[in-house]
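Position one of the sequence shown corresponds to residue 3 (my numbering), numbered consecutively onward.
For each residue, glycine too, the CB sits at the ideal point set by N, CA and C.
Note that the coordinates shown come from a computational prediction; the quantities given were computed from them, not determined experimentally.
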Amino acid sequence: MKILTVVGARPQFVKAAPVSRALQTAGLDEFLVHTGQHYDANMSQIFFDELGIPRPDVNLGVGSGPHGRQTGEMLIRLEEVMMAEKPDTVLVYGDTNSTIAAALAAVKLHIPVAHVEAGLRAFNREMPEEHNRVLTDHCADLLFCPTQTAVDNLHKENITRGVFLTGDVMYDAALIFGQQARQRSDVLARLGLEAKSYLLATIHRPHNIDFPERLAGILDAFGLLDAPVILPIHPRTRKKIAELGLGLADLAARGVRIIDPVGYLDMLMLEQNARLILTDSGGIQKEAYFFQIPCITLRNDTEWWKTLDAGWNVLVGWDPEKILHAARTLAPSGPQPPLFGDGHAAEKIASILLGIGQPA
Ligand code: UD1
Ligand code: UDP
Numbered sequence: 003m004k005i006l007t008v009v010g011a012r013p014q015f016v017k018a019a020p021v022s023r024a025l026q027t028a029g030l031d032e033f034l035v036h037t038g039q040h041y042d043a044n045m046s047q048i049f050f051d052e053l054g055i056p057r058p059d060v061n062l063g064v065g066s067g068p069h070g071r072q073t074g075e076m077l078i079r080l081e082e083v084m085m086a087e088k089p090d091t092v093l094v095y096g097d098t099n100s101t102i103a104a105a106l107a108a109v110k111l112h113i114p115v116a117h118v119e120a121g122l123r124a125f126n127r128e129m130p131e132e133h134n135r136v137l138t139d140h141c142a143d144l145l146f147c148p149t150q151t152a153v154d155n156l157h158k159e160n161i162t163r164g165v166f167l168t169g170d171v172m173y174d175a176a177l178i179f180g181q182q183a184r185q186r187s188d189v190l191a192r193l194g195l196e197a198k199s200y201l202l203a204t205i206h207r208p209h210n211i212d213f214p215e216r217l218a219g220i221l222d223a224f225g226l227l228d229a230p231v232i233l234p235i236h237p238r239t240r241k242k243i244a245e246l247g248l249g250l251a252d253l254a255a256r257g258v259r260i261i262d263p264v265g266y267l268d269m270l271m272l273e274q275n276a277r278l279i280l281t282d283s284g285g286i287q288k289e290a291y292f293f294q295i296p297c298i299t300l301r302n303d304t305e306w307w308k309t310l311d312a313g314w315n316v317l318v319g320w321d322p323e324k325i326l327h328a329a330r331t332l333a334p335s336g337p338q339p340p341l342f343g344d345g346h347a348a349e350k351i352a353s354i355l356l357g358i359g360q361p362a
């Protein structure tokens, strides 16, 4: 059986790592296509090097651009690859433009689509990702849900066939690589950081960084927090900060330390040793939960609603006052309900692709 996997953006490399490994163990033949959506070495190559993901068989080199052009270029090139390779199934991850392009290319060629991280909904149609999720789920034949909430979301949209509750492959990845990070990453020494002496932040969502007053407000709030803020910066955010004329030295003087994006092992190490995480990332909210680090989410919605229930994650949007208030008051101590499976989601996905496995 031949699986054609499509990845393109940073979180997809993380998700693909445990799954590629499980496919190999199960004896499935994987043909890996990288769309080229992310291309800087520290947004792409480092993940392949560190996580043992097979080298892509093809890199389409699509790169950056407006949504229509980027997705359209991917669609054209993916169709060519799929026609040449004739896979039995196309495997897609998450909710990026690479995901929807691959799902669309496949269904038009009558190739079954398998979607990892199916069923997530932020219920915010302003997010490009929400359209990518909904449309991909409605194209998919096999839907691998990380949580029961995701299964329920699909049922509410009348998607009931091919739905499997597998657990979350990012939990698998965090378990495997979290341990490796503790052994191999020297990021704390490199940055001169003591465990629990700093806060970790990321921002890249258009609704935060495409509005100058919101971006400036968030960075201002970071500068008022009571510990240094380490901010591994997405290239898109770095460009916006430069456009706004906010000097990195000024920010550093206010305790906001902007660094280049880091590899996954360094990121997991930074997360595990942070006192608090502030982020608008989908994946990092979950990683905070896995490692029991309180998380302030710089959004008004999330795909991971259940992480809010036990008080380990809180939504504050981009309002500086709310960020500061949450940073002063968020102190979860209660137990965390296990939400993301047993750390073997990737093996379950491989078994289902082999034709073994019970639908939800
Ligand atoms: C994309 C996903 C988003 C995901 C994020 C993960 C879509 C619609 N968005 O957003 O869901 O959370 O990836 O990081 O698919 N850039 C570089 N170098 C790179 C990659 C990007 O400089 O290697 C810059 C370019 O200026 C580019 C901008 O970042 O225009 C945005 O990149 P793009 O992939 O379009 O969207 P992301 O914001 O990364
Ligand atoms: N990540 C990383 N280095 C960084 C920032 C993020 O390795 O400098 C990892 C992070 O640990 C998580 C994934 O990238 O596994 C999340 O990607 P991102 O926040 O870009 O996307 P999202 O999850 O919001 O789609």
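Can you tell me whether DSSP reads Arg-71 as helix, strand or coil?
-> helix
Any idea what DSSP makes of Phe-146, helix, strand or coil?
-> strand
Can you list the beta strand (DSSP E) stretches of 3 or more residues lying completely in the segment 223-295, in chain order?
-> 231-234, 258-261, 278-281
May I ask which residues mark the beginning and end of the alpha helix (DSSP H) holding Leu-106?
-> 99-110 is the span of the alpha helix (DSSP H), which, as asked, contains Leu-106.
Could you tell me which of Asp-262, Glu-323, Met-3 sits nearest to Ile-48, measuring between CA atoms?
-> Asp-262
Can you give the Cα-Cα distance for Ile-354 and Leu-246, rounded to whole angstroms?
-> About 49 angstroms.
For the ligand UDP, is there a heavy atom less than 7 angstroms away from the beta-carbon of His-69?
-> no
Beta strand (DSSP E) containing Lys-4: first to last residue?
-> Bounds of the beta strand (DSSP E) holding Lys-4 are 4-9.
Put His-206 into one of helix, strand or coil per three-state DSSP.
-> coil
Let me know the secondary structure DSSP gives Glu-196 once reduced to three states.
-> coil
Taking DSSP as the reference, what is the three-state secondary structure of Leu-356?
-> coil
From this set, Gly-70, Arg-71, Val-109, Leu-356, which residue's C-alpha is nearest Met-84's C-alpha?
-> Val-109
Is Ala-348 closer than 8 angstroms to Asp-154 when the C-beta atoms are compared?
-> With contacts defined by Cβ atoms closer than 8 angstroms, Asp-154 and Ala-348 do not form a contacting pair.
Ile-298, buried or exposed, once every other Cβ within 10 Å from all chains shown has been counted against 16 | The residue in question, Ile-298, is buried, as its Cβ has 16 or more Cβ neighbours within 10 Å.
If you measure from the CB of Asn-99, is any heavy atom of the ligand UD1 nearer than 7 angstroms?
-> yes
In chain order, what residues of the same chain have a beta carbon less than 8 angstroms from the beta carbon of Gly-285, not counting five sequence neighbours either side?
-> Pro-13, Val-16, Met-172
Evaluate the contact criterion for the segment 304-312 versus the segment 333-342: three or more CB pairs, one atom per stretch, below 8 angstroms.
-> yes
State the Cα-Cα distance for the pair Met-45 and Arg-57, rounded to the nearest angstrom.
-> 15 angstroms
Count the other CB atoms within 10 Å of the CB of Leu-356; is the residue buried (16 or more) or exposed (fewer)?
-> exposed
Just the Cα atoms here: how many angstroms apart are Lys-198 and Pro-322?
-> 23 angstroms
Note down the Cα distance separating Ala-290 from Arg-277, rounded to an integer number of angstroms.
-> 10 angstroms
Taking Cβ to Cβ, would you say Asn-302 is nearer than 8 angstroms to Gly-313?
-> no
Start-to-end residues for the beta strand (DSSP E) that takes in Ala-116 | 115-118
Thr-162 burial status per 10 Å Cβ neighbour count (16 or more: buried) = exposed
What are the start and end residues of the beta strand (DSSP E) that includes Tyr-95?
-> 91-95
Who are the Cβ neighbours of Asp-282 in its own chain at under 6 angstroms, not counting the five residues just before and after it?
-> Ile-205, Arg-207, Asn-210, Leu-300, Arg-301
Residue nearest to Ile-186 in terms of C-alpha spacing, selected from Pro-337, Arg-256, Phe-293, Gly-265 | With the sequence shown as reference, residue 186 is identified as Arg, and Ile is not the correct amino acid for it. Considering only alpha carbons, the answer is Gly-265.
Start and end residues, alpha helix (DSSP H) containing Glu-52 | 47-53
Looking at C-beta atoms only, is the number of pairs between the segment 116-123 and the segment 88-108 that lie closer than 8 angstroms three or more?
-> yes
Would you report the Cα separation of Ile-260 and Ala-86, rounded to the nearest angstrom?
-> Computed Cα separation, rounded: 44 angstroms.
Can you tell me the Cα-Cα spacing of Phe-224 and Glu-32, whole angstroms?
-> 43 angstroms
N-terminal and C-terminal residue of the beta strand (DSSP E) that Leu-317 is part of | 315-317
What's the C-alpha gap between Asp-268 and Ser-100?
-> 25 angstroms
Would you identify the three-state DSSP class for Leu-201, choosing helix, strand or coil?
-> strand
Does the beta-carbon of Asp-188 have 16 or more other beta-carbons within 10 angstroms, so that it is buried, or is it exposed?
-> exposed
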